[in-house]
Amino acid sequence: MSRRGLVFVAGGLVLAILYPWLVRAAGAAGLPVAPNYLINVGMLVCFTAFIGQSWNISGGFAGQMSFGHVVFFGTGAYGMAILQVTYGWNPWLAWPVAAALGAGVGWLIGALAFRAGLKGSYFALITLAVAEVFRILANSVPFTRGGLGLLIKADPGMANLQFRDPIWVYYLALLLCVAGLLIAWRLTRTRFGARLVAIRENEDAARALGIDVYAEKVKVLALSGAMGAAGGAFYVQKYLYVDPWIAFGVDKSVEMLLVSMVGGAGTIVGPLIGAGALTAINEITRMLASVVPALKNVQPLSLIVYGAMLILIVARLPDGLASLFGRRRGEAGRA
Amino acid sequence: MLDPAIIFAGVLNGLLAGGIYVLVAVGLTLIYGVLHIINFAHGSLLMLAMYAVFFLWRLLGIDPYVALPIVIAGSFAFGYVLYRGLIGRLSHGRDENILLITLGLAIVFDNVALLLFTGDSQTIDVAYAGTIVQVGAAFLPLPKIISFLAAIALCGVLGVVMARSQLGKAIRAVARERQGARLVGIDVEHVFAIAYGIGIACLGAAACLLMPTFYVSPTSGHAFVLIAFTTVVLGGMGSFVGAAAGGLIIGITESLGGLLLGEQLGQIGISLIFILILLLRPTGLFGVGR
Amino acid sequence: MSMSRKIRLSRRGVMAGTAAAVGALGLPAIGGAQAAAVKVGIIHPVTGFVAYNGQQGRLGATMAVEDVNKAGGIKAMGGARLEALLGDSQSKVEVGVSEVEKMNEAGVAAYIGCFQSPVGIAASQAAAKYNTPFLIDVGASDLLVTRGLKNVFRLKPGFGACVDQGIAALGALNEAAGKPAKTAAIVHESGEFGTGTAKLLAGKLPSVGIEAKELIAHDNPTRNFDNVALRIRSMAPDLVIMSNYQNEYVLLARTLHQQKVNLAGLFSVLGGGFNYKFVKELPDVAQYMMDTNHWFNPKSDKAQALKKRVEAGGALFTFEVYLAYSSVMLLADALERAGSADKAKLTAALESSTFNAELMPYGPTKFVNGQNQGGRAAIMQALKGDIEVIAPADVASAKAVFPKPKFG
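Residue numbers (my numbering), protein chains in the order written: chain A, 1 to 335; chain B, 336 to 625; chain C, 626 to 1033.
Right under this line is the structure:
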């Protein structure tokens, strides 16, 4: 990484760490801001960037596009909830196990789908179907308590991984986000990552180069699954409730795909840029809606903008918004 | 529960439900067969067509069956323009790109509908919706018998058109050999757009036939998306006979699965069929490789 | 919506600046003479798929705030006005919690919301961190009030209470008609709402001499109820009891009607599709269907007056409207008795509330673990394209038709 890049990254990190204190200071100084709300928004951006990164690792870097990535998110969310509620585990212990469960599901889907030679649209569709199976199962089997959902007892304290002060939740999300960025960055630096890019660009050529395409793809889906599940576990620990729609609803699959595609699939910072952009769009449409009464139904409005952006980006800007920051493209790993 | 009369009635119910799936799937399989694209916006386009049927009835008092030619023509035009203006132009021919663009379109359509029509569901109240034909233990609603027959007829007509007509020949030529077709002077983009338009026109027909017994809301198309994909994959992507057989098999499976295992688990059956077919025989029952 | 909140915030900033300037001049700061407004956070899903329900809730809540202010505000607090901060949950847990955080910093004394139970569960949890009272206007899940949170209050009867009341009414109806109904089939959606209701129903129906023959769960969305109709016909139960959301409720009702399945009655508890739209658009299908639900007291003059006002504004007088309205009134009453917007005092006042929910067929309010014990549902029947209350007897507006006539 260039000196400039290093300064840029270090600056961003320091800013992200100071962010909650800055907004609190601004609030204390009488500026018209709502610090905890802004911290919460920052937390959501980090969290969304992380689950987007989970999609990006397999969908962007390795080119194995999934339409049902929520299956990992939901596995982690339910794993985290069940281990605590039913088995009385400590959440610190349950978290890595939940992530491991996600890796297991990723491995299983990968082993089945890639062995059958599914790729492209076929892989996307099978992940969609698997997520649907998981949703119906979560709705039907007793250990998820079906549609009733699982409630984790609120008991704030470091030992319980529950925090009264939103700053700590923000830092936790930031930690995930940075971890996601590091994993993506490693992929641009390691042979594993290079093999994935080779597979994405031309699977037959990669095979001819002696790459075990099947094993690499299964590996990356397991990694991505672990990340998605870690994100789901974080979510359930923050909101303390999960039901089949929250865990396996198709909306989250689309969200994970969107932030990554819009920001720049296969780039390190793509999901983060995408998550930031989508949050910004949401806020801007809210603002617009308050000025133009005809637009008051903001939620569909911002989704219409997301959808249109997805189309435009696929058609005109295949490296996403990240490619607008031209300099970063070289590092991004997309040839 | 295993009374043969009930099973028989369940099979009939399943066949009729399958008729609807055939209607939705036949457009999807046509589009795949010709353009080799998976139209993820299929459910959303069905929903838009259903709104068209609803508003024709609500505002102008046009009966859904009378509306058939109007909605079919409108859907065809919409599909043609959509392909020429957006999908064909923007996709650069990449399989994944098209999937993503049609996903983007689905998001846009669903939310435009939500913005304009709200999330409330709408129904059409026609007198004949309650007409019942009794066959043994089965009480078959007349509109569903009509939609079943129409589905079979549509498959037949499409099959004949594709096999015999000049247009069908052009479409098949383009589907098989894009470059060659271009060389002999066929306007490939035009033919692609026509094929896409026909696929969407099938949805228009499905919408008219569905509305007497179903409802429309911005999400009501989604109820048919996975089913349509499953039908197409089961029958073999691109095969009309496959779509017809696949739709009916799925209808019956769903019906009997629901009767024997419970409605909820019956739904898992659909997704499992889909997954298993993709894993074990991706070409489907009547497919010719991909 | 949320922008109006931003404007308000910035106005507050400007005012704070002005106050500081004025203070520097040695003049009294604002707020000395007039009591500060009491801020109330009102969170509903006003955009997205259940936007209609959310907007109805918002309508009721804001009308109540206006009415309290028009009547002189909170008298025990020197005529303090209520100030509604409006939030949009977008049906999402994350967004609902975000709104709670934002409003907490704007200094709300209490929240009202959230329509969907999962959002309500998470949002009231977030409010609990700040010990801020959270009044559930609509939200069926009993998880809302069984978590031991001290800040959550629900005026309307819970899930379980509605089921008990519905079954008791059904039993009485059956008894009076000479027991035409001995068996029932329960068709329910497979989510938390339908499953919970169905389990309670199946357990309690025998107590009124009706046997639950079968529970049929279905997914959302369901494309087709022909097979369910087939099973019901082959089982030949006397009653079908439904517990589903709007689309499936209407589709199932239509299917049973179209297939002319003969039943003594179609009954539901918190039936998702039983509303004015349904009975007016599909009057033949709706005819004689019964539902146990939240309903205003048709004999209350205040309720009728509010109904007229709502309808004059072009809206329907749905349960979201009067439940949100009543929840604001409950809060105003508690503020009146606490004499302060202090959260601990306000919570204590709510805990000991004896508020009279005049619009509703309720007895005096009495909270046990945050659930009002004085609430009652009403049992309604669709008759000739309108909705009539058939029980409890003291608020009934019509006599029930049971068993319903057979198909010719």
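Using N, Cα and C, we set each Cβ at its ideal position, and we do this for glycine too. Remember, it's a predicted structure, so these values are computed and weren't measured experimentally.
C-alpha distance - residue i paired with residue j, whole-angstrom precision
i	j	result
A332(A)	G592(B)	Reliability fails at A332(A), whose pLDDT of 40 lies under 50, so the model's placement of it is uncertain and the value that follows must be treated cautiously. One C-alpha to the other measures close to 49 Å.
G102(A)	L383(B)	37 Å
K824(C)	S54(A)	39 Å
A911(C)	L93(A)	54 Å
A1034(C)	F850(C)	Coverage of chain C is limited to positions 626 through 1033, which leaves residue 1034(C) absent and any answer about it impossible.
M497(B)	P617(B)	24 Å
I82(A)	V242(A)	10 Å
A735(C)	F483(B)	56 Å
K885(C)	G63(A)	54 Å
A352(B)	Q469(B)	16 Å
G597(B)	T847(C)	13 Å
E730(C)	G307(A)	33 Å
G648(C)	F921(C)	For G648(C), the predicted model reports a pLDDT of 34, less than 50, meaning its position is unreliable; a value from the coordinates is still stated below. Each residue's Cα considered, the two are about 50 Å apart.
G274(A)	M261(A)	8 Å
L312(A)	F8(A)	29 Å
I857(C)	A505(B)	51 Å
M309(A)	E201(A)	24 Å
Chain-order list of residues whose beta-carbon lies under 8 Å from that of residue i (same chain, five-residue window excluded)
i	result
L425(B)	N432, I436
K631(C)	With a pLDDT of only 33 at K631(C), under the threshold of 50, the placement of this residue in the model should not be trusted; the figure read from the coordinates follows. Once the five neighbours on either side are set aside, K631(C) has no close Cβ partner at all.
G570(B)	A360, T364, V576, G577, A578, A579, A580, G581, G582, G619, L620, F621, G622
R683(C)	I667, H669, V671, L711, A949
N160(A)	N90, P91
A129(A)	G68
G27(A)	V33, A34, P35
L561(B)	I605, S606, F609
Residues near residue i by beta carbon distance below 7 Å, same chain, minus five either side
i	result
D958(C)	S978, F980
A315(A)	none
V568(B)	F609, I612, L613, G619
G146(A)	N139, S140
A827(C)	I811, A837, L840
R286(A)	V298
Beta-carbon gap between residue i and residue j smaller than 8 Å
i	j	result
C787(C)	T917(C)	yes
L830(C)	A344(B)	no
V254(A)	I442(B)	yes
L181(A)	L272(A)	yes
G439(B)	G573(B)	no
F452(B)	G532(B)	no
A806(C)	D863(C)	yes
S379(B)	F444(B)	yes
E814(C)	Y870(C)	yes
F784(C)	G821(C)	yes
Residues of its chain near residue i, where Cβ-Cβ distance is below 6 Å and the 5 sequence neighbours each way are ignored
i	result
Q457(B)	F389, V551
R706(C)	A662, N694, G698
S952(C)	I737, L760, D762, L780
L221(A)	S58, G106, G110
8 Å contact criterion, which residue i and residue j should meet: CB distance rounded
i	j	result
F50(A)	L176(A)	4 Å
Q750(C)	A233(A)	Contact doesn't hold; Cβ gap of about 17 Å is too wide.
D430(B)	G266(A)	Not a contact, Cβ separation roughly 17 Å.
E983(C)	S925(C)	6 Å
E945(C)	N678(C)	5 Å
G721(C)	V744(C)	4 Å
A540(B)	L381(B)	A540(B) to L381(B), Cβ: 10 Å. No contact.
W95(A)	A230(A)	7 Å
Residues that residue i contacts on chain F, provided the C-beta gap is smaller than 9 Å
i	result
V259(A)	The structure shown contains no chain F; the protein chains it does contain are A, B and C.
Anything in the stretch 579-613 of chain B with a Cβ closer than 8 Å to a Cβ of chain A? List those residues in chain order, please.
Q599, L600, Q602, I603, S606, L607, F609, I610, L613
Give me the subset of the stretch 427-450 of chain B whose CB atoms are less than 8 Å from a CB atom of chain C, sorted by chain position.
L449
Residues from the stretch 672-702 of chain C in contact with chain A, defined by Cβ distance under 8 Å:
Flagged, chain order: T672, G673, A676.
Going along the chain, which residues of the stretch 879-897 of chain C sit with their C-beta nearer than 9 Å to a C-beta in chain B?
R879, T880, H882, Q883, Q884, K885, V886
Short of 8 Å Cβ to Cβ, which residues in the stretch 843-856 of chain C face chain B?
For the stretch 843-856 of chain C, residues whose beta-carbon sits nearer than 8 Å to a beta-carbon of chain B comprise H843, D844, P846, T847, R848, N849, D851, N852, V853, A854, L855, R856.
Contact set between the stretch 144-158 of chain A and chain C, restricted to residues whose Cβ is under 8 Å from the partner
Of all residues in the stretch 144-158 of chain A, G146, G147, L148, G149, L151, K153, A154, P156 have a Cβ within less than 8 Å of some Cβ in chain C.
Could you run through the stretch 474-492 of chain B and flag, in chain order, every residue whose CB is less than 7 Å away from some CB of chain C?
F474, P476
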